[in-house]
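*Asks:*
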Amino acid sequence: KWKISPMDIESRARWTDYSRAKDQMFLHTDLPNSPWWVIEADDKRRARLNCIAHLLDQIPYSRTEIPEITLPPLQPDQGYVRPAMDTQRIVGDQFSKPKDP
């Protein structure tokens, strides 16, 4: 849903000035060790997902070998009952592989 303000209308009259200022800023501040990245943002959800994916791609990642270890048993629950999951804010798992039926 679009929310148009009077400033949005005014900014259209200054679009070229804003674009020129942004392009000059990029020209002088877009450096190899501190780059600017442009995100197409006509669709906010897609823009946010693309931004997150891009940020993750910037982090070097390599798998590490995990040594096999034997863990000690968990501490006995001593009657402790954990809170129900529906009382907590749980981040949805979007990326796990589906389990075989």
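In our numbering, the protein residues as written are 94 to 194. Note that CB positions come from ideal geometry on N, CA and C, so glycine has one too. Keep in mind that this is a model prediction, so the values were computed, not measured.
#1: Give the straight-line distance between the Cα atoms of aspartate 116 and glutamate 158, rounded to the nearest whole angstrom.
#2: Expressed to the nearest angstrom, what Euclidean distance is found between the alpha-carbon atoms of tryptophan 95 and valine 131?
#3: By how many angstroms is the C-alpha of glycine 185 removed from the C-alpha of proline 191?
#4: In angstroms, rounded to a whole number, what distance separates the CA positions of arginine 156 and proline 125?
#5: Between phenylalanine 119 and the rest of its own chain, which residues show a CB-CB distance below 6 Å, the 5 nearest in sequence each way excluded?
#6: Are the CB atoms of alanine 146 and alanine 140 nearer to each other than 8 Å?
*Replies:* Based on what the coordinates show:
#1: If you take the alpha carbons of aspartate 116 and glutamate 158, they lie about 46 Å apart.
#2: Using only the alpha carbons, I get a separation of about 21 Å.
#3: Straight across, the Cα-Cα distance linking proline 191 with glycine 185 is about 14 Å.
#4: Answer to the nearest angstrom: the Cα atoms are 27 Å apart.
#5: If the five residues before and after phenylalanine 119 are omitted, its C-beta is found closer than 6 Å to the C-beta atoms of Trp129, all from its own chain and listed in chain order.
#6: Alanine 140 sits away from alanine 146, with the two beta carbons spaced by 8 Å or more.
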